[in-house]
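J.: Everything in the sequence shown is counted per this note's numbering, starting at 22 for the first residue and increasing by one.
Glycine included, C-beta positions come from ideal geometry on N, C-alpha and C.
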Amino acid sequence: IRHFTPSWFAVTMGTGVLPVVFHQLPYGLSQHLFWPCIALLGLNTLLLLCFSAATILRYILFPGIFKLMLLHPQQSLFLGAIPMGFATAINAATSLLVETKGWGGEALLDFLWGMYWFDLLLSAIVCLLIPSRSTKHPITLDGITATILLPFVPPIVAAALGSQLGTALAETHPGRAQLTLLVSYASLGLGLPIAMLMLCAYTVRILLHGAPPRGALTSVILPLGPLGQGGLAFVSLGELAQKILTAQNLETATIPTNSIFGVSMMGDIAFVYGVLTACVMWGFGMLWLGLALQTLAEALLRKQGPRFGMPWWGLTFPFGVYILLTLSLSVALAPTPISYFLQALGTALAGVLFLLWLYVAARTLVLGIEGSMFDAPCLQTLE
22 IRHFTPSWFA VTMGTGVLPV VFHQLPYGLS QHLFWPCIAL LGLNTLLLLC
72 FSAATILRYI LFPGIFKLML LHPQQSLFLG AIPMGFATAI NAATSLLVET
122 KGWGGEALLD FLWGMYWFDL LLSAIVCLLI PSRSTKHPIT LDGITATILL
172 PFVPPIVAAA LGSQLGTALA ETHPGRAQLT LLVSYASLGL GLPIAMLMLC
222 AYTVRILLHG APPRGALTSV ILPLGPLGQG GLAFVSLGEL AQKILTAQNL
272 ETATIPTNSI FGVSMMGDIA FVYGVLTACV MWGFGMLWLG LALQTLAEAL
322 LRKQGPRFGM PWWGLTFPFG VYILLTLSLS VALAPTPISY FLQALGTALA
372 GVLFLLWLYV AARTLVLGIE GSMFDAPCLQ TLE
């Protein structure tokens, strides 16, 4: 318990993104993988409950550790993994249980909508407060890694989650859906611009100092997180805007002339803008995916590959959300040749993601039983 750090919630992120990806697969695969998705959702929910209990116990039994963790320049950044882990479970439950099967009825939908607001609040707290704590330590350019993105990604994830909840609410609770839409756009604005600025700083670090050190080598794929999730949020929020503004049948006589709701094509505009923006972010993500593969390949050829540890889980979630963006664009751009290409590419990458998850999960289980996975850098000064 004493050495249980927030970085363990990266396990829930990597596990939770799998059922979301599998549920979006084309060629009828999503139907065949429904029950494996339910099993993964159950596993992720169990992990979230256990990890949350362990985290609460850690700071109750050892209250002094909380301050040490907050002041640590790296460990505090992983607090962003907590709301993102919850978001994956809420997203999967909404799409699998509510939208696909209609299980749980209004009670489950209300619960998930409430959890969305909890996750949104937690994301905002991490995004606004954690960076200010990290600046208490001197930061050098060569010491920057892609983990600086972690506090700013949760609001982006919450924005994409809001589109999922808004879609489920659109028919029965259009007012809630509209509120969720607008708040999710604001959440996207809270996290995405600053994440892009941090990505600029990381790019300068790469250009001037080369690849990150061996211990942080797996972080090279983290830029796919804000790019993939941001692009996905733009597409899905545009789809939601198009749906609820069509479904509401607003009385134009009651709408002020200076209101955006007076524009009859507002939903279509939001959707088209979202898809085009997502295409740009997908292309930018492809650049970072190529750089990550090149960096990891060069390190492996020099026999200086990353040692296995908790940072390996950072390979799964960013890769997963980039696959989700790929599959989302394949639907939005159908029926065109590029759509068919994205379908095939997304399906192939999903297979790679599953194999990667199997390897990382198996190694984590073995080393976790041995105890070597429980490392708390913030406690090194005490020990």
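Pairing CB atoms from the stretch 335–355 with CB atoms from the stretch 370–388, are three or more of them under 8 Å?
T.: yes
J.: How many Å lie between residue 67 and residue 59 at the Cα?
T.: On the sequence shown, residue 67 is found 46 positions in, with the first residue counted as 1. On the sequence shown, residue 59 is found 38 positions in, with the first residue counted as 1. Near 12 Å, if we compare the C-alpha coordinates of residue 59 and residue 67.
J.: Comparing C-alpha positions only, which one of 240, 244, 199, 198 sits nearest to residue 218?
T.: In the sequence shown, residue 218 corresponds to position 197, counting from 1. That would be 244, whose Cα lies nearest to the Cα of residue 218.
J.: Does DSSP put residue 325 in a helix, a strand or coil?
T.: Looking up residue 325 in the sequence shown gives position 304. Of the three classes helix, strand and coil, the one that applies to residue 325 here is coil, per DSSP.
J.: What is the residue span of the alpha helix (DSSP H) that residue 96 lies within?
T.: Taking the sequence shown and counting its residues from 1, one reaches residue 96 at position 75. Segment: none, residue 96 is in no alpha helix (DSSP H) and carries neither H nor E.
J.: Helix, strand or coil: how does DSSP classify residue 272 here?
T.: Against the sequence shown, residue 272 aligns to sequence position 251. With a pLDDT of 49 at residue 272, under the threshold of 50, the modelled position of that residue is not reliable, and the figure given next carries that caveat. It is coil, neither helix nor strand.
J.: With distance defined between alpha-carbon atoms, name the residue in 347, 139, 111 nearest to residue 130.
T.: Locating residue 130 in the sequence shown gives position 109, where the first residue counts as 1. Of 347, 139, 111, the residue nearest in Cα terms is 111.
J.: Answer with buried or exposed for residue 85, where buried requires no fewer than 16 other C-beta atoms within 10 angstroms of its C-beta.
T.: Translated into the one-based positions of the sequence shown, residue 85 becomes position 64. It is exposed - the Cβ of residue 85 has fewer than 16 other Cβ atoms within 10 Å.
J.: Which runs of the beta strand (DSSP E) at least 3 residues long sit entirely within the stretch 144–186? Give them in chain order.
T.: Listed in chain order, nothing qualifies, since the stretch 144–186 has no complete beta strand (DSSP E) run of 3 or more residues.
J.: For residue 225, which residues of its own chain have a beta-carbon under 8 Å away from its beta-carbon, when the five flanking residues on both sides are left out?
T.: The sequence position of residue 225 within the sequence shown is 204, counting from 1. Within the same chain, residue 225 has close Cβ partners 162.
J.: For residue 46, which three-state DSSP category applies?
T.: Here residue 46 is taken as the residue at index 25 of the sequence shown, counted from 1. Here DSSP, grouped into helix, strand and coil, assigns residue 46 to coil.
J.: Is the stretch 311–320 touching the stretch 287–295, taking contact as three or more C-beta pairs under 8 Å?
T.: no
J.: Can you confirm whether the stretch 49–63 touches the stretch 349–366 when touching is taken to mean that 3 or more C-beta pairs between the two stretches lie within less than 8 Å?
T.: no
J.: Does DSSP put residue 192 in a helix, a strand or coil?
T.: To locate residue 192, count along the sequence shown from 1; it is residue 171. Residue state, collapsed to three classes: coil.
J.: Quick one: grab the DSSP three-state call for residue 340.
T.: In the sequence shown, residue 340 corresponds to position 319, counting from 1. Looking at residue 340 - three-state DSSP - the assignment turns out to be helix.
J.: Quick check on residue 393: does DSSP put it in helix, strand or coil?
T.: On the sequence shown, position 372 is the one that residue 393 refers to. Of the three classes helix, strand and coil, the one that applies to residue 393 here is coil, per DSSP.
J.: What would DSSP say about residue 103, mapped onto helix, strand or coil?
T.: In the sequence shown, counting from the first residue as 1, residue 103 sits at position 82. Correct three-state label for residue 103: helix.
J.: When the Cα atoms are used, what is the spatial distance from residue 160 to residue 331?
T.: As a working note, residue 160 is residue 139 in the sequence shown. As a working note, residue 331 is residue 310 in the sequence shown. Approximately 23 Å, taken between the alpha carbons.
J.: Taking all protein chains shown into account, decide if residue 123 is buried (16 or more other Cβ within 10 angstroms of its Cβ) or exposed.
T.: In the sequence shown, residue 123 corresponds to position 102, counting from 1. That one is exposed.
J.: When we look at the beta-carbon of residue 214 and count the other beta-carbons within 10 Å, is it buried (16 or more) or exposed?
T.: The sequence position of residue 214 within the sequence shown is 193, counting from 1. Exposed is the call here.
J.: From the DSSP output, in three-state form, read off residue 384 for me.
T.: Mapped onto the sequence shown, residue 384 falls at position 363. The DSSP-derived three-state label of residue 384 is helix.
J.: Hey, how far is the Cα of residue 97 from the Cα of residue 357?
T.: As a working mapping, residue 97 is identified with position 76 in the sequence shown. As a working mapping, residue 357 is identified with position 336 in the sequence shown. Cα-Cα distance, rounded: 45 Å.
J.: What does the Cβ neighbour count give for residue 81, buried or exposed, with the cut at 16 atoms within 10 Å?
T.: Position 60 of the sequence shown, counting from 1, holds the residue named residue 81. Exposed.
J.: Using the Cβ count rule (16 or more neighbours within 10 Å means buried), how would you classify residue 32?
T.: Looking up residue 32 in the sequence shown gives position 11. When all chains shown are included, residue 32 counts as buried.
J.: Rounded to whole angstroms, what's the CA-CA distance from residue 203 to residue 227? Just pull it up for me.
T.: Within the sequence shown, residue 203 is the residue found at index 182, counting from 1. Within the sequence shown, residue 227 is the residue found at index 206, counting from 1. The straight-line gap from Cα to Cα measures roughly 36 Å.
J.: From the DSSP output, in three-state form, read off residue 248 for me.
T.: As a first step, residue 248 must be located in the sequence shown, where it is residue number 227. If DSSP states are grouped into helix, strand and coil, residue 248 belongs with the helices.
J.: Look at the alpha carbon of residue 23 and the alpha carbon of residue 87, and state the distance between them as a whole number of angstroms.
T.: Here residue 23 refers to the residue found at position 2 of the sequence shown. Here residue 87 refers to the residue found at position 66 of the sequence shown. If I take the Cα positions, the gap works out to 11 Å.
J.: My understanding is that residue 212 touches residue 242, with C-beta atoms under 8 Å, so please give their C-beta distance in whole angstroms.
T.: The count along the sequence shown starts at 1 and reaches residue 212 at position 191. The count along the sequence shown starts at 1 and reaches residue 242 at position 221. The Cβ separation is near 18 Å, so there is no contact.
J.: Quick one, which of 205, 383, 137 has its alpha-carbon nearest residue 115's?
T.: For the purposes of this step, residue 115 is taken as the residue at position 94 of the sequence shown. Cα-wise, what sits closest to residue 115 is 137.
J.: Taking all protein chains shown into account, decide if residue 139 is buried (16 or more other Cβ within 10 angstroms of its Cβ) or exposed.
T.: The sequence position of residue 139 within the sequence shown is 118, counting from 1. It counts as exposed.
J.: Hey, quick one: how far does the alpha helix (DSSP H) through residue 61 stretch, first residue to last?
T.: The sequence position of residue 61 within the sequence shown is 40, counting from 1. Taken as a continuous stretch (DSSP letters only), the alpha helix (DSSP H) holding residue 61 covers 55–82.
J.: Should residue 188 and residue 261 be called a contact, given that it needs their Cβ atoms to be closer than 8 Å?
T.: In the sequence shown, counting from the first residue as 1, residue 188 sits at position 167. In the sequence shown, counting from the first residue as 1, residue 261 sits at position 240. Yes, these two residues count as a Cβ contact at 8 Å.
J.: Mapping DSSP to helix, strand and coil, what is residue 357?
T.: Mapped onto the sequence shown, residue 357 falls at position 336. Reduced to three states, the DSSP call for residue 357 is coil.
J.: Do you know how far the Cα of residue 320 is from the Cα of residue 239?
T.: Position 218 of the sequence shown, counted from the start, is the residue given in the question as residue 239. Position 299 of the sequence shown, counted from the start, is the residue given in the question as residue 320. When rounded, the distance between both Cα atoms is 11 Å.
J.: Are the stretch 164–181 and the stretch 246–258 touching by the rule of at least three beta carbon pairs closer than 8 Å?
T.: yes
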